[in-house]
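First the structure, in the form of structure tokens, and then the observations on it.
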Amino acid sequence: MNNLIKSITATQAGFGITILRIVAGITFAAHGAQKLFGWFGGYGLAGVAQWMESIGLTPGYLMALGAGSAEFFGGLALIVGLLARPAAAVLAVTMLVAIVTVHLQHGFFMSNNGYEFALALMAMSLAVVFEGAGKLSLDGQLAR
Numbered sequence: 002m003n004n005l006i007k008s009i010t011a012t013q014a015g016f017g018i019t020i021l022r023i024v025a026g027i028t029f030a031a032h033g034a035q036k037l038f039g040w041f042g043g044y045g046l047a048g049v050a051q052w053m054e055s056i057g058l059t060p061g062y063l064m065a066l067g068a069g070s071a072e073f074f075g076g077l078a079l080i081v082g083l084l085a086r087p088a089a090a091v092l093a094v095t096m097l098v099a100i101v102t103v104h105l106q107h108g109f110f111m112s113n114n115g116y117e118f119a120l121a122l123m124a125m126s127l128a129v130v131f132e133g134a135g136k137l138s139l140d141g142q143l144a145r
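Below, the structure written as structure tokens:
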């Protein structure tokens, strides 16, 4: 079990990935808070659930809870750098689902509800999956 924890938390990455991880974490946590709590002008769980049902993601409540939780709690994990690799993996999958189910049909550009923003967030998440949390992370402390 100790080797598993070390392999998940180990990182040789520097401050660059730390900056990327924190910015991605803030972005994800804010979007998750919109979905779960209606903060920052979001629709909250009920509104997001209704919208997810309308686009065919059922059951809408469960899908909204899953997406919102992944973004909010995954974002918090990225901000502090705790279990950053698993959190980032879940976030990358969440963004892939968003791209395929919502944004792909609108093309690349965000101005047309395209997938560029979700793709950028997915790439940031994948960078953390491959590089680890970087310096100034709880994962780095645990790996030692």
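With this note's numbering applied, the sequence shown covers 2 to 145. The beta-carbon is built from N, C-alpha and C at its ideal position, and this holds for glycine as well.
{"Asked": "Three-way DSSP call (helix, strand, coil) for residue 87 in this model", "Found": "helix"}
{"Asked": "Three or more C-beta pairs below 8 angstroms linking the segment 22–29 and the segment 41–57", "Found": "no"}
{"Asked": "Contact the segment 10–17 vs the segment 117–135: 3+ CB pairs below 8 angstroms", "Found": "yes"}
{"Asked": "Buried or exposed (CB count within 10 angstroms, at least 16 for buried), residue 32", "Found": "buried"}
{"Asked": "Stretch pair the segment 107–116 + the segment 60–73: three plus CB contacts closer than 8 angstroms", "Found": "no"}
{"Asked": "Beta-carbon proximity list for residue 9, same chain, < 8 angstroms, skipping 5 on both sides", "Found": "84, 86, 87, 140"}
{"Asked": "Where residue 36 falls, given that 16 or more other Cβ within 10 Å makes a residue buried", "Found": "buried"}
{"Asked": "Extent of the continuous alpha helix (DSSP H) run through residue 136", "Found": "Where residue 136 is concerned, there is no enclosing alpha helix (DSSP H), given that its DSSP letter is neither H nor E."}
{"Asked": "Buried or exposed by the 16-neighbour rule on C-beta atoms within 10 Å, applied to residue 20", "Found": "exposed"}
{"Asked": "Inter-residue Cα distance where the pair is residue 38 and residue 114", "Found": "23 angstroms"}
{"Asked": "Cβ neighbour criterion (16 or more within 10 Å) applied to residue 6", "Found": "exposed"}
{"Asked": "Length of the line joining the Cα atoms of residue 90 and residue 29", "Found": "13 angstroms"}
{"Asked": "Member of 145, 61, 45 whose CA lies at the smallest distance from the CA of residue 51", "Found": "61"}
{"Asked": "Reduced DSSP secondary structure (H/G/I, E/B, other) of residue 102", "Found": "helix"}
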